[in-house]
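These protein sequence lines map, in sequence, to chains A and B.
Quick note on numbering: our numbering labels position 169 of the first sequence as 1590, and the sequence is numbered without any gaps.
Quick note on numbering: our numbering labels position 98 of the second sequence as 1519, and the sequence is numbered without any gaps.
Just so you know, even glycine gets a beta-carbon here, dropped at the ideal spot from N, CA and C.
There are 2 protein chains.
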Amino acid sequence: MENSPFDLTYQNQGVDGKIIAALERVSQAFRVLLWNESKAYSLSPIQVQVLIFLLHHTEEKRKVSYLANEFNMTKATISDTIKTLEQKTLITKTSETHDTRSYTIHLTPKGQEVAARTSLFAREIQAPIGRMHPADQENLLLSLFDIIRHLNKAGVITLQRMCFTCAYYRPRHGDTEHFCQLLHRNLENMQLRIDCPEHAYAQ
Amino acid sequence: MENSPFDLTYQNQGVDGKIIAALERVSQAFRVLLWNESKAYSLSPIQVQVLIFLLHHTEEKRKVSYLANEFNMTKATISDTIKTLEQKTLITKTSETHDTRSYTIHLTPKGQEVAARTSLFAREIQAPIGRMHPADQENLLLSLFDIIRHLNKAGVITLQRMCFTCAYYRPRHGDTEHFCQLLHRNLENMQLRIDCPEHAYAQ
DNA sequence: CCACATAGTTAGGAATCCTATCTTTGTGGG
DNA sequence: CCCACAAAGATAGGATTCCTAACTATGTGG
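Next up, the structure:
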C-alpha cells in the first residue's frame, strides 16, 4: 500500500478543500443553468433573476434599491434592467406610495408567465435533492444555514431573510432550540426559514 | 396554534426549495468573493479562475480547449483571456508537443504569486466548514457529490475529475463501497476525490 | 429653511462572453 | 500521395453586464 504512487491527500484536497470545490461546481451549475434559461427567453441572467424574485415577494420588496441590495449590484444596474423589462412589457411601475421618488414594480400577466416558467431553471438541481433521505436533507440544509450565517456575519452577503438574522429570533439552550417571537413558538430545524416574508431586521 | 396568521409551509419553501435557495445564496457568495478578489488585483473573474486552475493542474490540462471546457466557455473567450494574461506577464506559452497547433500554458513566478494569493478568495466560506463536526462535513460532502453526480449525468456539468465518472471507478455492494482500479483498493467516503489528477474518462 | 440623505436615472466606459469566420495543422481513407 | 475533414487556436465584431460619477427630484431633521 505504501508503494502506491498516488497520495490520497493530494493537493489541498482536505475535507474542507473538497467541500469548497464541490460548492464551486454547484455554483457553476447554477450559472450555466441560469444562462441557458436566459438565452431561451432572450433575456439576460439578471433579468430572469429579477422576474423570479418579483414572483415570490411582496410589495415593499419590489423596489429598485431593494433589488440592488438583494443581488449585490448597484442601483444603476437594476434601474437599467427594470427599464428593459418595462420595454418588454414584462413589468409595470406604480407609485402608489406617498414618496413620489420611488415606485413599486409589478409583473404583467405576460411577465408572470415568463417568471413562472424560468423559475424552473434549477429543476435539475432539485431532482437529486428530492431523492435524498429526509435526514440527509436536514443535515444538508443545516450545514448550508451554518455557512450562510457565517457569510452574513462576515459581510459577504449583506441581505438575508433567514431566521438567524431576524429581530424575532431568539436562540435557546445554546442554539439547539429556535424561538420565534412573532409566532410565539419554537421552530423545528426544518421549519427554519431562509426567505421569511415576515423577516425583521435586528437593530 | 392554528390561528397563527403565518403559514410555516409558505411559498415553495419545502425542504428542497429551501436547499435550492440556500445553495443559490452560497453561489452568490462565491460570485461576490471572486469579483472582489478580481478587482483587488485588477483582473477579471475569469482571469483569476484560470490562474488558480493553472496552479493546481498538470501539463496536459493547461491548454485553451481544456480550460474552455472546464469553465463552460468558448475557446474564443479563453483565447482572449490568455492573451491578456500573457500581456500582464502572468503566464507564458510553450509548444513542446509535436502538435504545433497547440501549446501549454505556464505560470510565471509573478503569476504563481498572484495565483497563490487569489486562491484564498474562498477563505470566508472555508472558515465555517472547518468548524463543523467531521461527521457533518462527511454528510455535506456526500450530499454535494450526489448532486454533482446528477448534474453530470444530466449534462449540465460536462467535465469532471471526480471518482464517480472515472474509468477506474467500480461501485461495490450497491454504491456503499467504492473501488478504485488504479489504486487497487476500496476508498472510504472521505477519500473519494472531486478533482483527481489521475482521472480517466470512461468510454 | 437650509443642509443633507435618499430614490432613482443617465451617460460613458471597461469587461464579459458570445457567434462567425478565419488560419494552421493533424488524420484517415481512397 | 492527396484530399476531405476535424481540431486547435486566433481574430473581428457585437450584445450584454455592470461599474463609477454626476445628475434630478424628493423627503427629513435641526
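Any idea if residue i is buried or exposed, counting beta-carbon neighbours within 10 angstroms, 16 or more meaning buried?
i	result
LEU1558(B)	Per the sequence shown, residue 1558(B) should be read as Gln rather than Leu. By the 10 Å Cβ count, GLN1558(B) comes out buried.
PRO1426(B)	Low confidence applies here, because PRO1426(B) scores a pLDDT of 35, under 50, leaving its location unreliable and the question unanswered by this model.
ILE1550(B)	buried
THR1579(A)	exposed
ASP1520(B)	exposed
TYR1431(A)	At TYR1431(A), the pLDDT of 38 sits below 50, so the modelled position is not reliable and the matter cannot be decided from this model.
ASN1610(A)	exposed
ARG1552(B)	exposed
ASP1596(A)	exposed
HIS1554(B)	exposed
ALA1536(B)	buried
ALA1461(A)	exposed
ALA1556(B)	exposed
ARG1544(B)	exposed
ARG1614(B)	buried
GLU1423(A)	Interpretation of GLU1423(A) is limited by its pLDDT of 33, a score under 50 that renders its predicted location unreliable; the figure taken from the coordinates is listed afterwards. Exposed, since its Cβ has fewer than 16 Cβ neighbours within 10 Å.
CYS1617(B)	buried
GLN1624(A)	Because the pLDDT at GLN1624(A) is just 45, under 50, the model does not fix this residue reliably, and the value given afterwards should be weighed accordingly. Exposed.
Judging by CA-CA distance, which residue of the options is the nearest neighbour of residue i?
i	options	result
TYR1589(A)	LEU1475(A), LEU1604(A), GLY1576(A)	LEU1604(A)
THR1505(A)	ARG1522(A), GLN1533(A), SER1463(A)	SER1463(A)
LYS1509(A)	ALA1443(A), ASP1567(A), GLN1533(A)	GLN1533(A)
GLY1438(A)	GLY1576(B), ALA1575(B), LEU1565(B)	LEU1565(B)
PHE1585(A)	MET1553(A), GLU1619(A), ARG1552(A), LYS1531(A)	GLU1619(A)
HIS1594(A)	ASN1607(A), GLN1602(A), LEU1528(A), MET1583(A)	ASN1607(A)
ILE1503(A)	GLU1545(A), VAL1471(A), PRO1530(A)	VAL1471(A)
ALA1443(B)	SER1516(A), CYS1601(A), ARG1570(A), ILE1467(A)	ARG1570(A)
ILE1546(B)	PHE1600(A), GLN1612(A), GLY1576(A), LEU1511(A)	GLY1576(A)
ALA1621(A)	GLN1612(A), GLN1602(A), MET1611(A)	GLN1602(A)
THR1515(A)	LEU1613(A), ILE1615(A), HIS1554(A), GLU1480(A)	GLU1480(A)
LEU1563(A)	GLN1612(A), GLY1435(A), PHE1492(A), ASN1490(A)	GLN1612(A)
VAL1447(B)	CYS1617(A), HIS1599(A), GLN1581(A)	GLN1581(A)
PRO1466(B)	PHE1492(B), PRO1592(B), ASP1616(B)	PHE1492(B)
ILE1441(A)	ALA1450(B), LEU1572(B), ARG1591(B)	ALA1450(B)
GLU1507(A)	THR1529(A), LEU1488(A), ALA1489(A)	THR1529(A)
LEU1511(B)	PHE1600(B), ASN1573(B), VAL1453(B), GLN1468(B)	GLN1468(B)
ARG1453(A)	VAL1436(B), THR1513(B), LEU1572(B)	Strictly speaking, residue 1453(A) in this sequence is Val, with Arg absent from that position. Minimum Cα distance to VAL1453(A) is reached at LEU1572(B).
VAL1436(A)	ASN1560(B), PRO1592(B), HIS1599(B), ASP1567(B)	ASN1560(B)
LYS1574(B)	GLU1598(A), ALA1548(A), CYS1587(A), ILE1568(A)	ALA1548(A)
GLU1445(A)	ILE1568(B), THR1513(B), GLU1517(B)	ILE1568(B)
Name the two residues that bound the continuous beta strand (DSSP E) containing residue i.
i	result
THR1495(A)	First-last for THR1495(A): undefined, no H or E at that position.
HIS1377(B)	What is shown of chain B runs 1422 to 1624, which leaves residue 1377(B) out entirely.
Going by DSSP, what residue range makes up the alpha helix (DSSP H) through residue i?
i	result
LEU1454(B)	1436-1461
ILE1473(B)	1466-1477
Say yes only if the C-beta of residue i is nearer than 7 Å to one or more non-hydrogen atoms of the ligand FAD, and no if none qualify.
i	result
GLU1491(A)	Looking at this structure, you won't find the ligand FAD or any other ligand, since it has none at all.
Requested in this report: Entirely within the stretch 1567-1607 of chain A and at least 3 residues each: give me those beta strand (DSSP E) ranges in chain order.
Outcome: 1590-1593, 1598-1601
Query - Cβ contact check for the stretch 1445-1459 of chain B and the stretch 1487-1503 of chain B: 3 or more pairs under 8 Å - result: no
**Report entry** Touching by the beta-carbon criterion (3+ pairs, under 8 Å), the stretch 1483-1496 of chain A and the stretch 1510-1528 of chain A
**Finding:** yes
Requested in this report: Mind the definition here: the stretch 1466-1477 of chain B touches the stretch 1537-1548 of chain B only if three or more C-beta pairs lie below 8 Å; say whether that holds.
Outcome: yes
**Report entry** Length at least 3, wholly inside the stretch 1506-1559 of chain A: the beta strand (DSSP E) runs in chain order
**Finding:** 1512-1515, 1525-1528
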